[in-house]
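In the working numbering, the protein residues as written are 533 to 841.
Every residue, glycine too, gets a C-beta built ideally from N, C-alpha and C.
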Ligand code: PYC
């Protein structure tokens, strides 16, 4: 299997460019379901140690579904499958350019949750127009072990997020272990108190916010991903969820710039346009860099051929 690795603001993406599973066509939602049911060993082989790591997001390059799209993609990680992934989409776009499959300019890419318009400005600089995003519930109170009463918003940005401002631990790299523990408690509390996305979906991303460290940013975040790893980037879908909440509270106007800083200090620049009364279209910009072009090998007798589970 041939893969190309990149990172977007520090968060890694591995694109399967050749030798991936044959998912037989149809919508990307149907192909994702077939991937999950029939080829989950490929997900674990690509993502888990010893070939991958918990932080890695995988992207299976697929044929486009819509006639004017340049590619399709299915995202996955150490825990399962993602409808959309912002940093991963930027990684995919620089990968397609690196492989000579697209040029600079505007392109459309199909995902399992809808088509996404992307603009490649130069070999590393990408903007993505994310899927419609919205704030589902504001100021939801939950009781969390180790934190007490916590108030947060629930929003969709291509994945489900619980967004909390003001955690009593600084959003710094040296606090990642404590932040991860607290975010897991928040996730557990949401599940045990029956708090879900709009149609009962699990809220599988937890996002903490604080004031930024850089004078050029508006906010700093820490994002817990579904498999327990933290996002090294400011999280594309998480930044989209944040914009949806800011828009709902009239704290950021259409086309105003919001700079979101990650827990490692990398940034995404973001803005939105209005789609309808309660839906926005976020545009997220950053840089992604190619790190490796590799062939994943499985030797006969390897007890960890499908990853360390
Ligand atoms: O950038 O949307 C994102 C993302 C989701 C999980 C990790 N990164």
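Query, Result
"Extent of the continuous alpha helix (DSSP H) to which residue 718 belongs", "708-724"
"DSSP bridge partner residues for residue 816 (one or two, in chain order)", "660, 802"
"C-alpha gap between residue 681 and residue 823, whole angstroms", "42 Å"
"Residue of 820, 700, 670 minimising C-alpha distance to residue 743", "700"
"C-beta contact flag for residue 776 and residue 617 at 8 Å", "no"
"Three-way DSSP call (helix, strand, coil) for residue 548 in this model", "strand"
"Nearest-angstrom Cβ-Cβ length linking residue 574 and residue 552, presumed shorter than 8 Å", "7 Å"
"Other residues of its chain near residue 657: CB distance less than 6 Å, five sequence neighbours each side excluded", "819"
"Residues sharing a beta bridge with residue 590, DSSP", "546, 608"
"CB of residue 690 within 8 Å of CB of residue 769, strictly", "yes"
"Proximity below 8 Å, CB of residue 739 to CB of residue 755", "yes"
"Three-state class that DSSP yields for residue 642 in the structure shown", "strand"
"Cα-Cα separation between residue 540 and residue 748, rounded to whole angstroms", "19 Å"
"The ligand PYC heavy atom lying under 7 Å from the CB of residue 554", "no"
"Delimiting residues of the beta strand (DSSP E) encompassing residue 620", "No beta strand (DSSP E) contains residue 620, which is instead part of the alpha helix (DSSP H) from 618-630."
"Whole-angstrom distance between residue 554 and residue 688, CA atom to CA atom", "30 Å"
"Residue 654 Cβ short of 7 Å to the ligand PYC heavy atom set", "no"
"Spatially closest choice to residue 794 from 806, 752, 808, by CA coordinates", "752"
"C-alpha distance - residue 731 paired with residue 685, whole-angstrom precision", "16 Å"
"Where the beta strand (DSSP E) containing residue 733 begins and where it ends", "No beta strand (DSSP E) contains residue 733, which DSSP labels as neither H nor E."
"Closer than 7 Å: residue 705 CB and nearest the ligand PYC heavy atom", "no"
"Stretch-stretch touch, CB-based, cutoff 8 Å, three pairs: the region 605-623 with the region 586-597", "yes"
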